[in-house]
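Asker: All residue numbers for the sequence shown refer to the working numbering, where the first residue is 3 and numbers rise by one.
Quick one: this structure, given as structure tokens, is what I'll be asking you about.
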Amino acid sequence: MIYTLPFISAIIGWFTNYIAVLMLFRPRKPTFILGYNIQGIFPKRQAVIATKIGKMVAEELLSIEDIQSKLHSAEAMKNIHVKLEEKIDYYLNNSMPEKYPIMSLFIGSGTKLKIKTEVMGQVETFAPDMLGDMVNSIEANLNIEELISQKVNAFPPEKLEKILNDILKNEFTFIEWVGGVLGFLIGLIQLVIAYFFPGN
């Protein structure tokens, strides 16, 4: 019977760590057990976690300056140019003939090209200022830190648990198995002590 001690200790160690991991999320709501108010660590601290995530995203991952830099990049300007050119072509070749069929009879391809060139030239002139005004408006009306915090804090406990489990599943499993291994080693040490020092 004494030789099963390492295996019993391993099971106890694994189960103890399993319960510890489980209690990170459960109970999801405050529950009175033996006169104590018990709640999982993550559900209990969800508001604090949400605030810290919002702060981290706003300061380290995404800022108004980042948005402004992306909008003013050469790639963004090129994409805007392509999209506007497509819209102008569609208007000149489809929308305008439908709305103004008689006038369209007197506007040939050469005139359409001149109109498009003129409009695109004007767009390239005022587009940077327009984007700057847009970013300033976003900055005035959008608090990234507050928005992220509110979104995370509004997560149902089940969704928060699923997100964290998806991210940390391997780590949680490792913690459980470490408990089992340590339990086995402690049981093995106890077995050796009991075998070699039976009187103690």
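All C-beta atoms, glycine included, are put in the ideal place defined by N, C-alpha and C.
Can you find at least 3 beta carbon pairs, one from the segment 63 to 83 and one from the segment 162 to 172, that sit closer than 8 Å?
Answerer: no
Asker: From Lys-89 to Ile-150, what does the alpha carbon distance come to, in whole angstroms?
Answerer: Sequence index remark: in the sequence shown, residue 89 carries index 87 (1-based). Sequence index remark: in the sequence shown, residue 150 carries index 148 (1-based). The alpha-carbon separation between Lys-89 and Ile-150 amounts to approximately 34 Å.
Asker: List the endpoints of the continuous beta strand (DSSP E) containing Phe-108.
Answerer: By 1-based counting over the sequence shown, the position of residue 108 is 106. Careful: Phe-108 lies outside any beta strand (DSSP E) and carries neither H nor E.
Asker: Leaving out the 5 sequence neighbours to the left and right, which residues in its chain are closer than 8 Å to Leu-64 when beta-carbon positions are compared?
Answerer: Numbered from its first residue, the sequence shown carries residue 64 at position 62. Counting only Cβ-Cβ distances below 8 Å, and skipping sequence neighbours, we find Ile-146.
Asker: In whole angstroms, what is the alpha-carbon distance linking Leu-24 and Ile-4?
Answerer: In the sequence shown, the residue the question calls residue 24 occupies position 22. In the sequence shown, the residue the question calls residue 4 occupies position 2. Approximately 30 Å between the Cα atoms of the pair.
Asker: Roughly how many whole angstroms lie between the Cα atoms of Ile-51 and Ile-35?
Answerer: The residue labelled residue 51 in the question sits at position 49 within the sequence shown. The residue labelled residue 35 in the question sits at position 33 within the sequence shown. Cα to Cα, Ile-51 sits roughly 25 Å from Ile-35.
Asker: Measure the alpha-carbon distance for Ile-14 versus Gln-192 and round it to whole angstroms.
Answerer: For the purposes of this step, residue 14 is identified with residue 12 of the sequence shown, where counting begins at 1. For the purposes of this step, residue 192 is identified with residue 190 of the sequence shown, where counting begins at 1. For Ile-14 and Gln-192, the distance between alpha carbons rounds to 14 Å.
Asker: Quick check on DSSP: helix, strand or coil for Asn-145?
Answerer: Translated into positions along the sequence shown, residue 145 becomes position 143. Reduced to three states, the DSSP call for Asn-145 is coil.
Asker: For Gly-182 versus Ala-22, is the C-beta distance shorter than 8 Å?
Answerer: In the sequence shown, the residue the question calls residue 182 occupies position 180. In the sequence shown, the residue the question calls residue 22 occupies position 20. Their beta carbons are not under 8 Å apart, which means Gly-182 does not touch Ala-22 by this criterion.
Asker: By how many angstroms is the C-alpha of Glu-163 removed from the C-alpha of Pro-32?
Answerer: By one-based count along the sequence shown, residue 32 stands at place 30. By one-based count along the sequence shown, residue 163 stands at place 161. If you take the alpha carbons of Pro-32 and Glu-163, they lie about 16 Å apart.
Asker: Among the candidates Tyr-38, Lys-46, Ile-40, whose CA atom is the shortest distance from the CA of Glu-160?
Answerer: Taking the sequence shown and counting its residues from 1, the one referred to as residue 160 is at position 158. Among Tyr-38, Lys-46, Ile-40, the Cα nearest to that of Glu-160 is on Lys-46.
Asker: When the Cα atoms are used, what is the spatial distance from Gly-123 to Glu-62?
Answerer: On the sequence shown, position 121 is the one that residue 123 refers to. On the sequence shown, position 60 is the one that residue 62 refers to. Near 37 Å, if we compare the C-alpha coordinates of Glu-62 and Gly-123.
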